[in-house]
Amino acid sequence: MSSYPTTVERIVSARIPTTHGEFRLEYFSNDIDGKEHLALVCGDVDEREDVLTRVHSECLTGEVFGSQRCDCAAQLESAMEAVAREGAGVIVYLRQEGRGIGLLEKLRAYNLQDQGLDTVDANLQLGHQADERSYGLAVLMLQKLGVRSIRLMTNNPKKVEELRGLGIRVAGRVPVPGPVTTQNLDYLTTKVNRMGHMLNIAPPESDEVSSPFVPAAEKQALADANRRPFVTLTYAQSLDGSIASADSLPLHLSGSKSSEMTHLLRSSNDAILVGIGTVIVDDPRLTVRLADGQDPQPIILDSRLRCPLDATLLESYRTMPWLATREDAPFDRQVELEAAGARVLRLPARESDGLVDLRALMATLYEDGVRSLMVEGGARVITELLEARFVDHVVITIAPTLVGGLQAVSSKNSAVSAAFPRLQSLGYKREGDDLVVWGRPAWPPD
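Under our numbering, read the sequence shown as residues 37 to 482, first letter to last.
Here it is, written out as structure tokens:
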């Protein structure tokens, strides 16, 4: 058990605008090690419960110089992005370089690793423990910030245990995704095999890493952290970004191999969402037919209950659809649709355009047990979800053809367009003649 420090004081706080959003940087002093420990704070966390929190140890080599020997910089970036997206949270930044052994010994350990030792044995050979970090300072810093309980962003269950042992109530663990490269593979493998970290890794050239699938445990944890389903946005487009013809007629863009992948993605999610326009034009089934697995729960965004009574979803679906509509949608139409087997969810409407409020929809789906949601379109739904920042993972199939049709993502507002994300943690894979691209959205600051 780590020793518990006796005194920590907040000395100064300054506004720090970042690419992820605006934070406050809190400077703390203490009477134990004299180091400049910091806390990066977003929003109001005073007296808050279940605050999204990362307890992060300094890594000069990765965070400043871009070393790829570890995943520290990626974890810090991921934590900042998650906290900014949440609107409130804390990143405790401890000056514990090299898992507590300091920069000089860390560099010596690097040399031993280059001679064949793993990160644990290198520390041991230098006379150190595998991990010499302590978290008592982090506990006192969180207490000074008024945080009552946390959701801890970490892949290390031992960190959860130690913080709980020091008196912090940890309401849950949120996994921190990061890239697996040829440079950090051995390091990450050692963290899993010898230090108990919970990571989904494999050699970068293998199918397990080169895959658009997010582990179910990670989706569950992030859904619980955000109190909404983990959203995977997926669609097929042409080389010029078209998902339908210019007159909105459907296009069959995906080849057989990429279609099989899409059906596997469907089977890995609790529910699948499309807009009413897609139902009217395409009359989709939204089932899993080209792969083994369960059908997801179909959900249709239908603000005015326009779903046709003869829609394939109502006539032959093994799991009848849920229709998300406005609170003032026609009740007689609801009776007809429910008689056909549908479930109608009445939700508040947005003041801006009168359509279903997506935040209310996400909260309702989470309450109904949906932890993972796959979104297949159409263009309006795709754009709205991106504008609302309700997308956690993106999988796009690109067919080798030009169409000149309806674009998947569009906005007449340049300010809105500038707020669309760039993908990070990218993956690419050829499926037949198609190229599949996937990644996590990195949102620009508000």
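Just so you know, even glycine gets a beta-carbon here, dropped at the ideal spot from N, CA and C.
Bear in mind that the values here come from a model prediction, so they are computed numbers and not experimental data.
From the options, pick the residue whose C-alpha is nearest to that of residue i; which is it?
i, options, result
"I312", "L96, D338, Q370, S303", "D338"
"V156", "L224, S388, D389", "L224"
"L373", "P344, L401, L162", "P344"
"D331", "A399, D276, S408", "S408"
"V324", "M297, T314, A207, V411", "M297"
"A444", "S281, A253, W479, R321", "S281"
"T348", "V317, R321, H73, D67", "R321"
"E467", "I432, D107, A257, N262", "I432"
"E72", "D86, S93, E85", "S93"
"P366", "L341, P357, Q165", "L341"
"L381", "N147, F426, L160, I335", "I335"
"L289", "D328, A50, D107, D469", "D469"
"P481", "V473, Q460, A454", "A454"
Could you please give me the residues that DSSP links to residue i through a beta bridge?
i, result
"S278", "Q443"
"R362", "L383"
"T89", "V126, L188"
"N66", "V44"
"C78", "G125"
"G491", "Only positions 37 to 482 of the chain appear in the structure, and residue 491 is not among them; the question remains open."
"R60", "R51, V77"
"R209", "L188"
"I308", "P334, M410"
Could you check where the beta strand (DSSP E) with residue i kicks off and where it finishes?
i, result
"K465", "458-467"
"Y171", "Looking at the DSSP string, Y171 is not in any beta strand (DSSP E), and its letter there is neither H nor E."
"A272", "266-273"
"A8", "Shown here, the chain extends from 37 to 482; a query on residue 8 therefore has no answer."
"L438", "Premise fails: L438 is in no beta strand (DSSP E) and is neither H nor E."
I need the boundaries of the alpha helix (DSSP H) containing residue i, first residue and last residue.
i, result
"Q333", "Note, Q333: premise wrong, no alpha helix (DSSP H); beta strand (DSSP E) at 333-337."
"V228", "221-231"
"A261", "252-262"
"L373", "367-375"
"I312", "312-318"
"N13", "One cannot answer for residue 13 here, as it falls past the ends of the chain, which runs 37 to 482."
"L341", "Premise fails: L341 is in no alpha helix (DSSP H) and is neither H nor E."
Give the secondary structure of residue i by DSSP, where H, G and I count as helix, E and B as strand, and everything else as coil.
i, result
"A145", "helix"
"M410", "strand"
"P193", "helix"
"I204", "coil"
"V392", "strand"
"T433", "strand"
"V17", "Here the chain has residues from 37 to 482 only, and residue 17 is not among them."
"L289", "coil"
"D150", "helix"
"D33", "Outside the shown range of the chain, which is 37 to 482, sits residue 33, and nothing can be said about it."
"A110", "helix"
"G98", "helix"
"L178", "helix"
"P480", "coil"
"E241", "Annotation note: pLDDT 44 at E241 (below 50); position unreliable, no value reported."
"R507", "No information on residue 507 is available, as it lies outside the stretch 37 to 482 that the chain covers here."
"A454", "helix"
"I137", "coil"
"E296", "helix"
"E403", "helix"
"E198", "helix"
"M234", "coil"
"A378", "coil"
"L301", "helix"
In its own chain, which residues sit with a C-beta less than 6 Å from the C-beta of residue i, not counting the 5 before and 5 after it?
i, result
"E122", "L88"
"V128", "A75, V91, A174, M177"
"A424", "L394"
"V212", "Q111, S114, M189, N191"
"V250", "H429"
"A109", "G98, E99"
"A252", "none"
"S65", "E45, I47"
"S185", "E85, D86, R205, A207"
"A50", "L61"
"R369", "L341"
Give me, in chain order, the residues of the same chain whose beta-carbon lies closer than 7 Å to that of residue i; leave out the 5 immediate sequence neighbours on both sides.
i, result
"V392", "L337, S339, A360, T361, R362, L383, A385"
"V77", "F59, R60, E62, V126, L181"
"V48", "Y63"
"Y271", "I279, E412, G413, I418, I432, A444"
"E420", "L394"
"D243", "Model confidence at D243 stands at a pLDDT of 41, short of 50, so the residue's coordinates are unreliable; what they give is reported in the following sentence. For D243, where only same-chain residues beyond five positions count, there are no Cβ hits under 7 Å."
"R416", "G311, G313"
Ignore the nearest five residues each way along the sequence and tell me which others in residue i's own chain have a CB closer than 8 Å to its CB.
i, result
"R263", "A399, Y402"
"T55", "P480, P481"
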